[in-house]
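Residue numbers (my numbering): 333 to 496.
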């Protein structure tokens with residue numbers, strides 16, 4: 333099985349590493365956040381504002397359950413770990429890689445204008461989301477990468493996981 337699914341907080345590097353690894357190894361890449369945005373023709377933040385965070389999570393689950401083993405490298409939304417169905421489906425055909433990025437780095441990346449639509453209740457801080465999700469990421473992870481490492485280093489580690 334050479335499929336991998338990246339999990340982790342918004343801003344941890346899932347899309348960056350997934351896209352770079354897919355390019356380097358000539359594998360297909362899917363970003364589930366982009367698939368949701370494409371389906372609704374709006375940003376995740378606007379989807380959340382219009383329909384609510386639970387709707388975003390539901391849309392994410394629907395997208396993930398539609399994926400199959402032809403999806404080689406998958407970058408999931410940060411809230412994927414709230415759906416046991418999604419995680420079991422991903423685990424059935426891919427290795428789950430958690431990109432464990434320190435909160436300080438996440439805060440810098442999120443605050444640099446990336447316009448993240450965090451699928452959480454209004455008023456919940458990024459540090460609260462981080463604290464709530466971290467144990468879930470750890471629970472589902474088959475592999476954990478240090479998101480504070482260089483992109484090149486993380487791609488090399490991803491290669492080892494894909495081709496082990």
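Glycine included, C-beta positions come from ideal geometry on N, C-alpha and C. Bear in mind that the values here come from a model prediction, so they are computed numbers and not experimental data.
Span of the alpha helix (DSSP H), counted from its first residue to its last, around residue 365: 364–372
C-beta contact flag for residue 405 and residue 361 at 8 Å: yes
Residue span of the beta strand (DSSP E) that contains residue 407, given as start and end: 405–407
Within 8 Å, strictly: CB atoms of residue 490 and residue 391: no
For residue 428 and residue 339, believed in contact at Cβ under 8 Å, the rounded distance: 6 Å
Under the three-state DSSP convention, the category residue 348 falls into: helix
With 16 other Cβ atoms within 10 Å as the buried cut-off, status of residue 393: buried
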